[in-house]
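Chains as they are written, first to last, in this note's numbering: chain A, 1 to 527; chain B, 1001 to 1140; chain C, 2001 to 2331.
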Amino acid sequence: MREDGIETSTISGIPLRPLYTSEDLPGRAEEYPGQFPYTRGIHPSGYRGRLWTMRQFSGFATAEETNRRYKYLLANGQTGLSVAFDMPTLMGQDSDAPTSRGEVGHCGVAIDSLADMETLFDGIPLGEITTSMTINSPAAILLCMYIAVAEKQGVPASSLGGTLQNDILKEFIAQKEFIFPPAPSMRLVVDSIEYCAAEVPKWNTISISGYHIREAGSTAAQELAFTLADGMAYVDACLERGMHIDDFASRLSFFFDAHIDFFEEIAKFRAARRIWARWMRERYGAQQERSWKLRFHTQTAGVSLTAQQPELNIARTAIEALAAVLGGTQSLHTNAMDEVLALPTDKAARLALRTQQLLAYETGVANTIDPLGGSYFIEALTDEMERQAEAYFKRIDEIGGVIPAIEVGFFQREIADAAFRYQQELEQKRRLVVGVNEFTVDDEPPIDILRIDPRLESEQSERVRQVRRKRDQAKCAGALNGLRKAAAGTDNLMPHILDAVRAYATEGEIMHAMIEVFGTYTETAVV
Amino acid sequence: MPTAVRPVRIVVAKVGLDGHDRGVKVVARALRDAGYEVIYTGLRQTPEMVVDAALQEDAQVVGLSIHSGAHMTLFPAVVDELKRRKATDIVVFGGGIIPDDDIAALKKRGVAEIFTPGTPLQEIVDWLRKRFPDEKTPQR
Amino acid sequence: MGWWWFSDTTSPYAGWASNDLSDPGLLKKFRSGDVRALARAITLVERRDPSVRDLEAALRTQAGAPGVAGFTGAPGTGKSTLVDAVVALLRQKQRSVAVLATDPNSPFTGGAILGDRIRMQRHALDTKVFIRSMGARGHLGGLSLATREAIRLLGAFGFDEVILETVGVGQSELEVAAVADTTVVVLTPNLGDSVQMIKAGILEIADVFVVNKADIDGHLRVIAELRAMLNLSPRRGWKAPIIATVATRQDGVEQLWEAVLAHRRHLETTGRAKELAEKRLRDETAEVAAELARQRARQALEEDPRLAERLLEDGTPYRTAEEILNRSANR
C-alpha cells in the first residue's frame, strides 16, 4: 500500500514491487515474434505487415435500420461487419414471446426468422465482406440463417468469411445466456465446428471469450485461465468427436477484455499466446504452426466506464486500447463513452473509432513489434500471469474439468469473490475511480442518449406473426420434426437446423424443438 | 462482534433477459454483511415470479436489477403486480444502467429508489436502514 | 454484547417490536387462504414470536396432516433439482406441495443469502406450490422447533405434502430426520470418494437413498458400495432402498416417490408412525420448555440486578438457574 493508503497491487490484486531488475529475469533465452511460443506476437512483422482490424460492434432496433447503418459503414470503408443482437434473439426467443416484452431491439437488432436476416443483409454482398456475429446459445441457428441468405444471393458457403462467438462455456461461467444444459450445448458447438470444417472452411467457428468473464468481475488471471481452460475443453470435445487437431485448431479464435490496469493487461495478452502455443504443441500434439498461434480480438472494458463524468471514458478507452495494441491484438473494438448509459449515439461511436485511428496513425506505437518485450517488469508480470493460470488449470483438473467445475459453481464463486473484493476496495477508497469515489462533481449535465422507439416491439412482433402465417406450414413442420428426431439421435444438427431455417421456422420455434429434447439448464446458486 | 440481525427480508431478483449478475451479487453480499436476510431468486425472473417470491418469503423489500434496457417495462410491471396482489407495502428498489430521466419516471410509477452503477454499497445499506430502522418492523 | 435478542426488551426474541409483526387480522386472513398470511405466520415462527402461540392454538383444530419428506445431501448432489422434480411429479398427481428450504450454512448471527428457490422457479406461478427459504438465524435450539411449527402451519393451510430440503452439513441432516417422516439422503457419483461422503450417522437416518446424476460414470459403483454398507447394518424391519435418478430428466423420480410412499406405509403398518408422532410431541415439548426456560432466565437476570450480581459473585449458574425456575414455577 502506498503512503496515501492506495493499493499498489494490480487491479487484480497481484502484489507489485517498486522496481524490477535483471534479477527478475535470470537466464532468459531470446524470443522473437512469429516464433514459438509467440509471447512477442504471432506475426514476424508485427503491425508493419498489417494493422489490427478496427471492428466496431453495432446493431440496434430492426433489421431494416441496422441494414442502413451497415451500408453507411461499408460505404465509408469498413470491410467487416459485427452484428449485435437484442436480448430475445440472444436468448433464442421470438419478439412476440411474453418474456420479450420491453427488450425487443434494445441491445441490438431483433432477428426472428430468415426473413429478418434477409432484410439485415439486403444489398450487402456476403461474398465480399466478413461478418462477426455475437451470439451463443442459438449460434447455430443464426449461422444457418447467414448461410441461407448467402444461398439466396448465390454465394456458396465455402466462400463465406466471418466469426461466430458460439462460446457457450463462458455463458455458463459468466454471462449466463445459457439455455440448454452443458452437454447438449457442447454438442451444438462441436456440430457447428465439424460442419464448418467441411462446408464453411473460412469461417471462424468460435470466439473463445474472456471478455464476459472479466466483465463479470474476474481478475486478469482468472480471465486468462478460465478462457484458455474453455478453449482446451472445446479442443477435447472436438477430438472426442473424432476430428484431427490440425483440422480445426486454426479456426479457434479468442476474445479478451482490455481493462484499465495497463501493464497487467499487456502481460495477460502475452501470457495467453505463450500458454496456448505450449498446450497446443506439447499436450495436443498439433503439428502445424498455425494451430499453435492464439489469435484474438479485444474489446476495451465496458465495466471500467463510468456514468459519472462520462467524457472521462474516452481517456480510459484510449489507454485500454493502447494496452491491446501493445499486447498484439488482431482486432479491436473501442467502447463509446456513453455505452455505460445506453446504446452509443453516432457521435460517441465515431469518437470511439477515431481513438483507434489515432493510435494507429498518430502515436507511432505500431511501428515496433512488441515494444515492451524485454522489460524486466513486463516479462516478470507475464511469467506471473502464466504461473497463476497454470495453478488454475490444476484446480479445474482436480474438480474433473470445466463442465463439472461449472456445475459445482467453482468459476462463479471465484468471480463473485473477486468482484466483491474489488468493490470493497472501492468502498474503503483503497482504490480510486476518478469521478466515482473521488474527484466527483455535484451537478452532472445529462448527455444525449439514443432511445429505442417502443412502437418497434409491436411492429416486430407483427412481422414475425406474418412470417408464421405466410410460410409453407407443412414444410416448416416437417423440418422442425426432422430436427427434433435428429436431436434425439447423434446426427450433426447443422443440416437439420438449416432446413428449418430455409422453411422460415422462427428462431423461437427452432430453439423450442431442441428444448423439447435437451431440456433447459438452471445454474447452481452461487452468490 | 457479529453484526446485528435486521428484521427485514429482502428478495433480490434479476428481471429481464440479460444475465449480467455481477452487480446484483455484489449488492446481495453487501446486504447480507449488513445483517439482512437476502433471498436471491436468480436470473430472468418475470414480474409475476418476483412478486410470488416476495409474498411467499414474507419479504418487506424487493430489489431488482436489470442491464438490458427493459427497466421502463419491467420495474413498473413489478409495482403493478404488487398492487394486484394487494401488497403495496412491499418496497421496491432497483439498480442497473438507468438514465436520469427514466429514474424520475420510475419513481413516479412507484419504485422507491434507483441505484445506478458506481453507487457505494454503503449508500444502499444506509437507505434501507433509514427506511427500516432497527428495533422496528416495517409499517404495514 | 450487541446481539439483538439480548437487548433491553422484555422478550429475549423481541429485539425488534414483535407486536408490529403480528397482525390482529392474521388468523382470519390465514383461514381465508391468503398466502401472505401464511408467509407472515412462518416468519413469526422463525423469529420465535410469542404471538404465534395463539395462532397455533387457534389453528390446531383445522390442522391437516401433511406427509413430510426430508431431503438432504452434500452440496453439488443436485438435491434442489431433485426436489424440483419431485414437486413436478406431485403436481401431476394433483397434490399440493410446500417446500421448506433451510440453509444451515447461513450464519447464526448476521445476515444470510438464501438461494434455494432458484432451482424451483418453474413452479413459481403455481398456487398449489409454496416455497419458503429459512435461514439458521434466531434458532437457538437449531432448526427443528421452528420447522415443526412451520409444518403445522402448512398443514393447517391445506398443503398435502411438505418437503424439507437442507444441505447435509453439520447437524442439519439429523434435524431433518428428527422432523420428517421419511428422510431421503441424496448422493452422486461425481463428488470424489463416495464412501467418505457417507458420514457416520447417515445410515441411521436414511429411509431412502438416492443416487442422483445416474447418467455419469461411477454410479453403479456408488450403488454397489452403498448396498454393501446397508447389508452390514439392517435397521428395524426397514431396508432403505437405493433409487437411481437423473433429476434433470425426471428419470427415476416416480420410483423415488414410490419408495417414499412405501416407507410411509411401513411406518403406518408397523405402528411406528404413532410411536414417532408421540416421541416428537414429547421432544417438542421438551424443546419448548427449554426455550421458555431460557427466556425466563434471561428476563430474570435482566430484571433482577441483585440476582445478576450474586451470580457474578459466586459464579454458580446451576444454583441461580434452579432458583429462577422455582420462582417461575411459583408465579
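Glycine residues also receive a C-beta, built at the ideal position from the N, C-alpha and C atoms.
What would DSSP say about residue i, mapped onto helix, strand or coil?
i	result
His-333/A	strand
Gly-2141/C	In this predicted model, Gly-2141/C has a pLDDT of only 49, less than 50, meaning its place in the structure is not dependable; the value taken from the coordinates is given anyway. Three-state DSSP puts Gly-2141/C in coil, outside helix and strand.
Gly-1096/B	strand
Ile-1066/B	strand
Gly-373/A	coil
Pro-2317/C	helix
Trp-52/A	coil
Val-104/A	coil
Gly-2067/C	strand
Ser-461/A	helix
Glu-438/A	strand
Leu-2301/C	helix
Thr-2081/C	helix
With DSSP as the reference, identify every bridge partner of residue i, one or two as the case may be.
i	result
Asp-2187/C	The sequence shown places Leu at residue 2187/C, not Asp. Bridge partners of Leu-2187/C: Val-2211/C.
Ser-58/A	Val-83/A
Tyr-1040/B	Val-1012/B
Met-2134/C	Thr-2102/C
Phe-1115/B	Gly-1095/B
Val-2097/C	Val-2129/C and Glu-2161/C
Asp-2114/C	Checking the sequence shown, residue 2114/C turns out to be Leu, not Asp. Leu-2114/C is bridged to Ile-1039/B.
Glu-398/A	Answer is none; Glu-398/A lacks a bridge partner.
Met-514/A	In DSSP, Met-514/A forms no bridge with anything.
Thr-2043/C	DSSP, once it has assigned bridges, lists no residue as partnering Thr-2043/C.
Ile-208/A	Phe-254/A
Trp-276/A	In DSSP, Trp-276/A forms no bridge with anything.
Closest to residue i by C-alpha separation, out of the options, would be which residue?
i	options	result
Asp-2084/C	Asp-2049/C, Gln-2094/C, Thr-2102/C and Arg-2117/C	Arg-2117/C
Gly-161/A	Arg-40/A, Ile-111/A, Arg-251/A and Asp-230/A	Arg-251/A
Ile-260/A	Ala-301/A, Trp-203/A and Phe-57/A	Ala-301/A
Asp-1089/B	Leu-1074/B, Ala-1059/B and Glu-1037/B	Ala-1059/B
Lys-2239/C	Ala-2262/C, Val-2222/C and His-2123/C	Ala-2262/C
Val-517/A	Leu-493/A, Gln-175/A and Ala-405/A	Leu-493/A
Ala-552/A	Gly-127/A, Arg-270/A and Ala-115/A	The first residue shown for chain A is 1 and the last is 527, placing residue 552/A beyond what the model contains.
Glu-509/A	Thr-89/A, Leu-126/A and Ala-221/A	Thr-89/A
Thr-306/A	Thr-363/A, Glu-444/A, Thr-99/A and His-244/A	Glu-444/A
Pro-446/A	Arg-50/A, Gln-388/A and Asp-338/A	Asp-338/A
Leu-372/A	Ile-147/A, Ile-173/A, Leu-322/A and Leu-343/A	Leu-322/A
Leu-51/A	Arg-274/A, Thr-39/A, Tyr-376/A and Ala-366/A	Ala-366/A
Thr-317/A	Val-340/A, Arg-187/A, Ala-271/A and Ser-375/A	Val-340/A
Ala-2069/C	Ala-2037/C, Arg-2282/C and Thr-2147/C	Thr-2147/C
Thr-131/A	Ala-148/A, Ile-111/A, Pro-156/A and Leu-164/A	Leu-164/A
With a threshold of 9 angstroms between beta-carbons, can residue i be considered close to chain A, or not?
i	result
Val-1038/B	yes
Gln-2094/C	no
Ala-1028/B	yes
Thr-2248/C	yes
Arg-1022/B	yes
Gln-1122/B	yes
Val-1061/B	no
Does residue i come within less than 9 angstroms of chain C when only Cβ atoms are used?
i	result
Ala-567/A	Within the shown structure, residues of chain A are numbered from 1 to 527, placing residue 567/A beyond reach of any answer.
Thr-39/A	no
Thr-1088/B	no
Thr-490/A	no
Ala-1112/B	no
Ala-1034/B	yes
Pro-181/A	yes
Leu-1128/B	no
What do you reckon, is the C-beta of residue i under 8 angstroms from a heavy atom of the ligand ATP?
i	result
Thr-2183/C	The ligand ATP is not among the ligands present in this structure, which contains no ligands whatsoever.
Between residue i and chain B, is there a C-beta pair that is closer than 9 angstroms?
i	result
Lys-347/A	no
Thr-522/A	yes
Arg-2040/C	yes
message: Can you pull out the residues from the region 98–117 of chain A whose beta carbon lies closer than 7 angstroms to at least one beta carbon of chain B?
response: Thr-99, Arg-101, Gly-102, Glu-103, His-106 and Cys-107
message: Against chain B, which members of the region 2024–2036 of chain C pass a CB distance test of less than 7 angstroms?
response: Val-2035 and Arg-2036
query: Taking any Cβ of chain B, which residues in the region 2116–2137 of chain C have a Cβ under 7 angstroms from it, in chain order?
result: Arg-2117, Ile-2118, Gln-2121, Ala-2124, Leu-2125, Phe-2130, Ile-2131, Arg-2132, Ser-2133, Gly-2135 and Arg-2137
field: Residues of the region 1068–1086 of chain B whose Cβ lies closer than 9 angstroms to any Cβ of chain A, in chain order
entry: Ser-1068, Gly-1069, Ala-1070, His-1071, Met-1072, Thr-1073, Leu-1074 and Ala-1077
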